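The structure under discussion appears below in the form of structure tokens.
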DNA sequence: AAGTTTGCCTATTGAGTAAGTCGACTATTA
DNA sequence: TAATAGTCGACTTACTCAATAGGCAAACTT
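Protein chains in written order, with this note's numbering: chain A, 207 to 355; chain B, 207 to 355.
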């Protein structure tokens, strides 16, 4: 039940972009540095997220990446599905990659996998980047009040 | 968030063994046939589950595998952990493979992964092989009354 | 217009894992 | 003692993951 490194990096990068949403385009290099993600690897990840429609970009100096819509409109599930595919533990219970199970009869395990899928999806779908930003800001306030820019 | 084939096969095999728990040792071959799992592959899986303490075996004619304790005492989480390792999406929130996160401060995502892990674990830990057997029997009764042996 | 900055795209690599196969060995029982 | 069945380790094949690299295209600067 593992999340790929790519999926984790993508989540972190999107969070970073959500945190700086108001500040306009962000360079790959800066996101890479802020979140400690290999630059060339991050490049591919952002590109993938762009192709999926969650990011837009601008070239040249003052260029960079930015969310294609406000953080409220993008869930963690959206991000992970782009990077890692369906959330379901196995395909026969996936909503996005539904595949007919040859063993239709009394496959009790199928019910269990579906339950699992729904539990995962319900958490990741209702959690938006805006939620993460909010949590991030409130936890930062509690621990220390440093405002690095 | 994928379950490996091995994890799925293991679950199916254990369910099969739970269904036939009263009948004594079951041959690899029969489990393989009943659940449509490659025989030599299943061999390894059962061996692994044996080493983990969930199965016992007997050699020679009338030999085979059987659960080391009643189906109530083995959860699906137990089985999957043997085959695929920790249930957690990433190691820093795993109970079994806990690893210190270098980015301690305000890692909001960590909270989310933990929530996800707990949701998965709660389902798979409370579901025992006995539960699956029960569900299997009641659903079999509903759809048809064929009793293949 | 030239040059710099930045993202865009494709290919490649190296490591590791996943899924499955194989051959020989050992214990049990008829 | 022959047949049955599990045990063990090695091997294979294909694929995926994580990352790197090279050149291209757009945009901004001077």
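Note that the Cβ used here is the ideal one computed from N, Cα and C, for glycine as well. Here the structure is a predicted model, which is why all the values come from computation and not from measurement.
Item                                                                                                                                               : Value
Tell me which same chain residues have a C-beta within less than 8 Å of the C-beta of residue 237/B, skipping the five on either side of it?       : 219, 222, 223, 243, 248, 252 and 271
For the candidate residues 280/A, 229/A and 320/A, whose alpha-carbon lies nearest to that of residue 293/A?                                       : 320/A
Can you tell me the Cα-Cα spacing of residue 245/A and residue 235/A, whole angstroms?                                                             : 6 Å
In angstroms with no decimal places, state the Cα-to-Cα distance between residue 280/A and residue 274/A.                                          : 9 Å
What residues are listed by DSSP as bridge partners for residue 262/B?                                                                             : 272/B
Consult DSSP for residue 334/A and reduce its assignment to one of helix, strand or coil.                                                          : strand
Does any C-beta atom of chain B lie closer than 8 Å to the C-beta of residue 236/A?                                                                : no
With a 10 Å radius around its C-beta and 16 neighbouring C-beta atoms as the bar for buried, classify residue 267/B as buried or exposed.          : exposed
With distances taken Cα to Cα, identify the nearest neighbour of residue 229/A among 303/A, 276/A and 213/A.                                       : 276/A
Ends of the alpha helix (DSSP H) at residue 290/B?                                                                                                 : 282 to 290
Tell me whether residue 257/B sits in a helix, a strand or coil according to DSSP, three-state version.                                            : helix
Flag this pair as yes or no: are the beta carbons of residue 325/B and residue 326/A separated by less than 8 Å?                                   : yes
How big is the Cα-Cα spacing for residue 261/B and residue 257/A?                                                                                  : 48 Å
By how many angstroms is the C-alpha of residue 295/A removed from the C-alpha of residue 214/B?                                                   : 9 Å
Specify the secondary structure class of residue 341/A as computed by DSSP and reduced to three states.                                            : helix
Using a Cβ-Cβ cut-off of less than 8 Å, give me the residues of the stretch 235 to 266 of chain B that come near chain A, in sequence order.       : 242
Going by DSSP in three states, residue 323/A sits in which element: helix, strand or coil?                                                         : helix
DSSP three-state label for residue 208/B, please.                                                                                                  : strand
Among the residues of its own chain, which have a CB less than 8 Å from the CB of residue 354/A, if the five just before and after it don't count? : Only weak support is given to the placement of residue 354/A: the predicted model assigns it a pLDDT of 42, under 50, and the value that follows is read from those uncertain coordinates. None.
Just the C-alpha distance for residue 216/A and residue 286/A, rounded to the nearest angstrom, thanks.                                            : 8 Å
Along the stretch 329 to 342 of chain B, what residues have a CB closer than 8 Å to any CB found in chain A?                                       : 329, 330, 333, 338, 341 and 342
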